[in-house]
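In full-length UniProt numbering, the protein residues as written are 1 to 513.
From the three backbone atoms N, C-alpha and C, an ideal C-beta is built for every residue, glycine too.
Since this is a predicted model, take the numbers as computed values, not measurements.
Presented below is the structure to which this report refers.
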């Protein structure tokens, strides 16, 4: 699935704004005439990021609406497990319409807007819009969030299996609790080999789902009972470790876990030497030695890998929110088209890693046999240098503080392959220049002093000291000229005063003769 165009009538600080997500088309909605125009972009480059990847970047300053836009995508849209259609969760208070592409067909999703859209499309032979009202068919689907709370509704008897498939990853949290409760109480012998080796900090017990029973009226109490049932089942089963896959160890090890002394694990659990062979990579960098940003980037990639290796995820969300508060939401379904949302992925990364982050992400996604629609929010120019202008949505704020879509950088520059400093110096990013506010205040004070008629010795010394540490050559040279002129004027004044003094002395001496 690939997003093409989103029109938001009213949601938080987004009022009557349209967003182009596909570099292949340029869409514009005329609200007055209720007309949507769709044109092909002549400069569109097919498979620019790879055959299985489309990338859209959303850039803008804080409060410009980046996170609100992500909220619309993550909280309002879900997917039908069997039909692979998008449907709208009516509980979100948002008026919008969305155009998306799936397997060559183009679909229209319209929510809380009652009008017949007049569509004018130059590539009309390529566009076939089908209005969907699929949520009416699936009103009782359960909404699942990563706070470990399962909210159930009645009249859901026909969709139990769908519920189980959608919540497997949530049950992983239950698995960890179960594992920690019964593994530590086992008395199995420990292997003789006590060499240091890497070991994952998480074990997935895949057959845990078989211990869950489904009743007609599902509730949190049922979940608790099922947990107890699974605990009892595995407490009596001495072969539970045989379900651990070697690939899981390899996958986790790839991301660089800390080296653990095997003897220290005796207080946690014991392993039989005949259960599993562990392959160790000696060149792994310890996860704890990575910076916060590096760990976050690897965690994001691992998150994508974890939820795609079983072909279960249609929507993946890694989302912080406007105020930086972690929020997560996901929909689990078996499809090959994956929408990946990364919110400010460059946060915490050293500039050198920011420059490489897009390469890491793109190369990572190329190795996965699925189609990705990758949407990244950012207010950093580092990522923009790797992304063409047509793949970027530029957001600003109007005089009321509402979201406003703009046509691009204020200097009309191209972004792809652009110099980082050139992008950063654009007024879209820096309205008041590139200088820090503290330095600017110090320099402004020096300029104000140099423009005065009179300076005392202390003020003159201050100006000399500030000018000596300025790193920007143009500003430094200009202030140095001002300081020199001030000194010359003082010198000239002193010379004139000395001449007048000497003339006065001569006159006095002449009168005495």
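Where residue 465 falls, given that 16 or more other Cβ within 10 Å makes a residue buried: The Cβ neighbour count for residue 465, taken over all protein chains shown within 10 Å, is under 16; the residue is labelled exposed.
Whether residue 370 touches residue 407 by CB criterion (9 angstroms): Taking 9 angstroms as the Cβ cut-off, residue 370 and residue 407 do not qualify as a contacting pair.
Cβ contact check for the segment 411-421 and the segment 459-479: 3 or more pairs under 8 angstroms: The answer is no - the segment 459-479 does not touch the segment 411-421, with fewer than three Cβ pairs under 8 angstroms.
Where residue 27 falls: helix, strand or coil (DSSP): Strand at residue 27.
Simplified DSSP state of residue 102, which is helix, strand or coil: Residue 102 falls in the strand class under three-state DSSP.
Beta-carbon proximity check, residue 341 vs residue 375, cutoff 9 angstroms: In this structure, residue 375 lies closer than 9 angstroms to residue 341 by Cβ.
Residue 3: first and last residue of the uninterrupted beta strand (DSSP E) it sits in: 2-11 is the span of the beta strand (DSSP E), which, as asked, contains residue 3.
Member of 4, 102, 379 whose CA lies at the smallest distance from the CA of residue 424: Measuring from the Cα of residue 424, the nearest candidate turns out to be 379.
Span of the alpha helix (DSSP H) around residue 444: Bounds of the alpha helix (DSSP H) holding residue 444 are 437-450.
Cβ distance (whole Å) where residue 57 is taken to contact residue 383 below 8 angstroms: Residue 57 to residue 383, Cβ: 6 angstroms. Contact.
Spatial distance of residue 67 from residue 444 (CA atoms): Rounded to whole angstroms, residue 67 to residue 444 spans 36 angstroms at the Cα level.
Close-in-space but distant-in-sequence residues of the same chain around residue 25 (CB under 7 angstroms, 5 per side omitted): Correct list, in chain order: 4, 38, 39, 40, 41.
Buried versus exposed call for residue 404 [16 or more other C-beta atoms within 10 Å across all chains shown]: Under this definition residue 404 is a buried residue.
Sequence-distant residues of the same chain with beta carbon closer than 7 angstroms to residue 475, five excluded per side: These residues qualify, in order along the chain: 443.
Residue 31 and residue 16 closer than 9 angstroms at C-beta: Closer than 9 angstroms, so yes.
Residues that residue 359 bridges to, as DSSP identifies them: Residue 359 pairs with nothing; no bridge assigned.
Assigned secondary structure, residue 67 (DSSP; H/G/I helix, E/B strand, else coil): Residue state for residue 67 is assigned as helix, using DSSP reduced to three classes.
Beta-carbon gap between residue 377 and residue 59 smaller than 9 angstroms: Yes, Cβ-Cβ distance for residue 377 and residue 59 is below 9 angstroms.
Buried or exposed (CB count within 10 angstroms, at least 16 for buried), residue 71: Classification for residue 71: buried.
Option nearest residue 344 by Cα separation, candidates 61, 455, 450, 365: Of all alpha-carbon atoms in 61, 455, 450, 365, the one lying nearest the alpha-carbon of residue 344 is that of 61.
Coil, strand or helix - residue 39 by DSSP: Residue 39 falls in the strand class under three-state DSSP.
DSSP-derived helix/strand/coil call for residue 371: For residue 371, the three-state secondary structure derived from DSSP is strand.
Distance, residue 299 Cα to residue 250 Cα: Its pLDDT being 44, under 50, residue 250 is placed unreliably in this model, and the value from its coordinates should be taken loosely. CA-CA distance, residue 250 to residue 299, rounds to 16 angstroms.
For residue 478 and residue 22, the rounded distance between their alpha carbons: Cα to Cα, residue 22 sits roughly 47 angstroms from residue 478.
Three-way DSSP call (helix, strand, coil) for residue 107 in this model: In this structure, residue 107 counts as strand in the three-state DSSP scheme.
Simplified DSSP state of residue 404, which is helix, strand or coil: DSSP places residue 404 in strand when its eight states are reduced to three.
Nearest-angstrom Cα separation, counted from residue 46 out to residue 358: The straight-line gap separating the alpha-carbon atoms of residue 358 and residue 46 is approximately 18 angstroms.
Residue(s) in a DSSP beta bridge with residue 97: For residue 97, which the question treats as bridged, DSSP gives the partners 7, 110.
Exposure of residue 20, with buried meaning 16 or more beta-carbon neighbours within 10 Å: Of the other Cβ atoms in all chains shown, 16 or more fall within 10 Å of the Cβ of residue 20; this residue is therefore buried.
Terminal residues of the beta strand (DSSP E) in which residue 17 lies: The continuous beta strand (DSSP E) containing residue 17 extends over residues 14-20.
Pick from 468, 485, 9, 480 that is closest to residue 453, judged by C-alpha positions: Nearest C-alpha to residue 453 among 468, 485, 9, 480: 485.
Nearest candidate by alpha-carbon position, reference residue 351, set 294, 289, 471: Nearest to residue 351 by alpha-carbon distance, out of 294, 289, 471, is 294.
Euclidean distance between Cα positions of residue 108 and residue 51: Spanning the alpha carbons of residue 108 and residue 51 requires a straight line of approximately 24 angstroms.
Three-state class that DSSP yields for residue 420 in the structure shown: Assignment of residue 420 by DSSP, reduced to helix, strand and coil, places it in the helix class.
Span of the alpha helix (DSSP H) around residue 342: Unbroken run through residue 342 is the beta strand (DSSP E), 337-343; no alpha helix (DSSP H).
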